[in-house]
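Colleague: In this note's numbering, the protein residues as written are 13 to 329.
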Amino acid sequence: MFLQLTRLAGHKNQLQNTLLTGTIFDVKRYAIHDGSGIRTTIFFKGCPLACLWCANPESQSYLPELTYISTECLSCGMCRQTCPNEAISLVDQKVIVAPEKCDLCGHCVENCPGNALQLMGRTVTLNGLFKEIETDRPFWDRSGGGVTLSGGEPLAQFDFILAFLNACKKKYISTAIETCLYTTLDKIKAILPVVDHVICDLKIMDSGRHKINTRVSNQMIKENMKILLVSGADVLVRMPLIPGINDDKKNLEAMGAFIESCRKGARVELLPYHRLGESKYRRMKKDYKLVHISPPSKEKMERARKVLETFDIHVLI
Ligand code: SF4
Ligand code: SF4
Numbered sequence: 013m014f015l016q017l018t019r020l021a022g023h024k025n026q027l028q029n030t031l032l033t034g035t036i037f038d039v040k041r042y043a044i045h046d047g048s049g050i051r052t053t054i055f056f057k058g059c060p061l062a063c064l065w066c067a068n069p070e071s072q073s074y075l076p077e078l079t080y081i082s083t084e085c086l087s088c089g090m091c092r093q094t095c096p097n098e099a100i101s102l103v104d105q106k107v108i109v110a111p112e113k114c115d116l117c118g119h120c121v122e123n124c125p126g127n128a129l130q131l132m133g134r135t136v137t138l139n140g141l142f143k144e145i146e147t148d149r150p151f152w153d154r155s156g157g158g159v160t161l162s163g164g165e166p167l168a169q170f171d172f173i174l175a176f177l178n179a180c181k182k183k184y185i186s187t188a189i190e191t192c193l194y195t196t197l198d199k200i201k202a203i204l205p206v207v208d209h210v211i212c213d214l215k216i217m218d219s220g221r222h223k224i225n226t227r228v229s230n231q232m233i234k235e236n237m238k239i240l241l242v243s244g245a246d247v248l249v250r251m252p253l254i255p256g257i258n259d260d261k262k263n264l265e266a267m268g269a270f271i272e273s274c275r276k277g278a279r280v281e282l283l284p285y286h287r288l289g290e291s292k293y294r295r296m297k298k299d300y301k302l303v304h305i306s307p308p309s310k311e312k313m314e315r316a317r318k319v320l321e322t323f324d325i326h327v328l329i
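So this is what it looks like as structure tokens:
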């Protein structure tokens, strides 16, 4: 009887997993900066933060998005002909999509000869995604790598990623997660047994300044980070260094002191701000708010490192 019930529960779980779907916007293969060894990084859509310096504007919305760039358009009308929902019209040789008719099927994208239309994001099933990435196993095995979940914020798709991480662990695949930690503690506790490495961001220590630059307070982020660091989990803290936003001595000292108080010798990686995502803002017709800020010089990075190294933490650039 007990065995039957256990089997039934197992089947029910399998069925639930088959029905689970996630929304991702990219799968990056041969990644070498997202954890140990060579990794396959899966980027999940949707983020509760809206950092002004975000390099992946396509990660912010939880849903796939259809984008159009008129300078790439050949005005051929192929998209209009192939749209099953008659959602497309051509006005003054430019494509107009009626959002209320578009179901994001992607036919227009597949048939666009100019690459003017693109779908940012797609829905994946658990098994489909697993099959897609499992072909990379030889690279993971040889390099000590594995799978990294990134975003966006992967924890915002909690049920899906928990099932996915469990599936990875059942197949002995190393797992890592990149998270902003803006989530509830129960979710972090639930994934820890199936995550080998946690990479988490700390951007600004003052809660008011954090809210101005990212949309949310950092209270929950700091609480979660403290618990993670104290727990002894394998954690790398990442700090994007953005001139004029978080590179002042007061902020760096506050960050160094906080991390040291949570775990002496914690690993902290300083990442220089970059503007590589700016063209994506244009494609998505979103405003890029930091046009006036340039990436930090080597000297600025070193200065920040020196401030952080006055604390008992291990700083990497
Ligand atoms: S994604 Fe599909 S429904 Fe939407 S405009 Fe393109 S072809 Fe039409
Ligand atoms: S198919 Fe592509 S190139 Fe042709 S009109 Fe549509 S968007 Fe423009």
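Glycine included, each C-beta is placed from N, C-alpha and C at the ideal position.
Taking one C-beta from the stretch 201–221 and one from the stretch 76–87 each time, how about it: are there three or more such pairs within less than 8 Å?
Modeller: no
Colleague: Closest to residue 3 by C-alpha separation, out of 149, 120, 245, would be which residue?
Modeller: Absent from the model: residue 3. The displayed extent of the chain is 13 to 329, so no value can be given.
Colleague: In the DSSP assignment, the alpha helix (DSSP H) including residue 180 goes from what residue to what residue?
Modeller: As a working mapping, residue 180 is identified with position 168 in the sequence shown. Run containing residue 180: 170–182, per the alpha helix (DSSP H) assignment.
Colleague: Once DSSP output is grouped into helix, strand and coil, what is the label at residue 76?
Modeller: The residue labelled residue 76 in the question sits at position 64 within the sequence shown. In the structure shown, residue 76 sits in coil (DSSP, three-state: anything other than H, G, I, E or B).
Colleague: Using the three-state DSSP reduction, which class does residue 212 fall into: helix, strand or coil?
Modeller: The residue you call residue 212 lines up with position 200 of the sequence shown. If DSSP states are grouped into helix, strand and coil, residue 212 belongs with the strands.
Colleague: Taking Cβ positions, are residue 47 and residue 208 nearer each other than 9 Å?
Modeller: Looking up residue 47 in the sequence shown gives position 35. Looking up residue 208 in the sequence shown gives position 196. Yes. Within cutoff.
Colleague: Could you pull the start and end residues of the beta strand (DSSP E) that residue 109 belongs to?
Modeller: By one-based count along the sequence shown, residue 109 stands at place 97. Membership of residue 109 in the beta strand (DSSP E) is indicated by the continuous run 106–109.
Colleague: Taking C-beta to C-beta, are residue 151 and residue 41 nearer than 9 Å?
Modeller: Within the sequence shown, residue 151 is the residue found at index 139, counting from 1. Within the sequence shown, residue 41 is the residue found at index 29, counting from 1. Yes, Cβ-Cβ distance for residue 151 and residue 41 is below 9 Å.
Colleague: Where do the N-terminal and C-terminal ends of the alpha helix (DSSP H) with residue 90 fall, by residue?
Modeller: For this step, residue 90 is matched to residue 78 along the sequence shown. 90–94 is the span of the alpha helix (DSSP H), which, as asked, contains residue 90.
Colleague: Quick one: any contact between the stretch 259–268 and the stretch 222–230, if contact means 3 or more CB pairs under 8 Å?
Modeller: In short, these stretches do not touch, since the Cβ pair count stays below three.
Colleague: Can you name, in chain order, every residue of its own chain whose Cβ lies under 7 Å from the Cβ of residue 322, other than the five neighbours on each side?
Modeller: In the sequence shown, counting from the first residue as 1, residue 322 sits at position 310. 268, listed in sequence order.
Colleague: Using DSSP with H/G/I as helix, E/B as strand and the rest coil, what is residue 279?
Modeller: By one-based count along the sequence shown, residue 279 stands at place 267. In this structure, residue 279 counts as strand in the three-state DSSP scheme.
Colleague: For ligand 1, is there any heavy atom lying closer than 8 Å to the beta carbon of residue 135?
Modeller: Here residue 135 is taken as the residue at index 123 of the sequence shown, counted from 1. In this structure, ligand 1 has no non-hydrogen atom nearer than 8 Å to the beta-carbon of residue 135.
Colleague: CB residue 51 to CB residue 159, shorter than 9 Å?
Modeller: Locating residue 51 in the sequence shown gives position 39, counting from the first residue. Locating residue 159 in the sequence shown gives position 147, counting from the first residue. Cβ atoms of residue 51 and residue 159: closer than 9 Å.
Colleague: Here's a check: name, in chain order, each residue in its chain whose Cβ is nearer than 7 Å to the Cβ of residue 71, leaving out the five neighbours to either side.
Modeller: The sequence position of residue 71 within the sequence shown is 59, counting from 1. Its chain contains 37, 55, 57, 59, 163, 164 as the residues whose beta carbon lies nearer than 7 Å to that of residue 71, once the 5 sequence neighbours on both sides are disregarded; these appear in chain order.
Colleague: List the whole-angstrom C-beta distance separating residue 249 from residue 294, where the pair is believed to meet the contact cut-off of C-beta under 8 Å.
Modeller: Taking the sequence shown and counting its residues from 1, the one referred to as residue 249 is at position 237. Taking the sequence shown and counting its residues from 1, the one referred to as residue 294 is at position 282. Incorrect: roughly 32 Å between the Cβ atoms, too far for contact.
Colleague: Pull up the DSSP beta-bridge partners for residue 56, would you.
Modeller: Here residue 56 corresponds to residue number 44 of the sequence shown, with the count starting at 1. Residue 56 is bridged to 36, 163.
Colleague: For ligand 2, is there a heavy atom less than 8 Å away from the beta-carbon of residue 296?
Modeller: Reading the sequence shown from its first residue, position 284 is the one you call residue 296. No, Cβ of residue 296 sits at least 8 Å from all heavy atoms of ligand 2.
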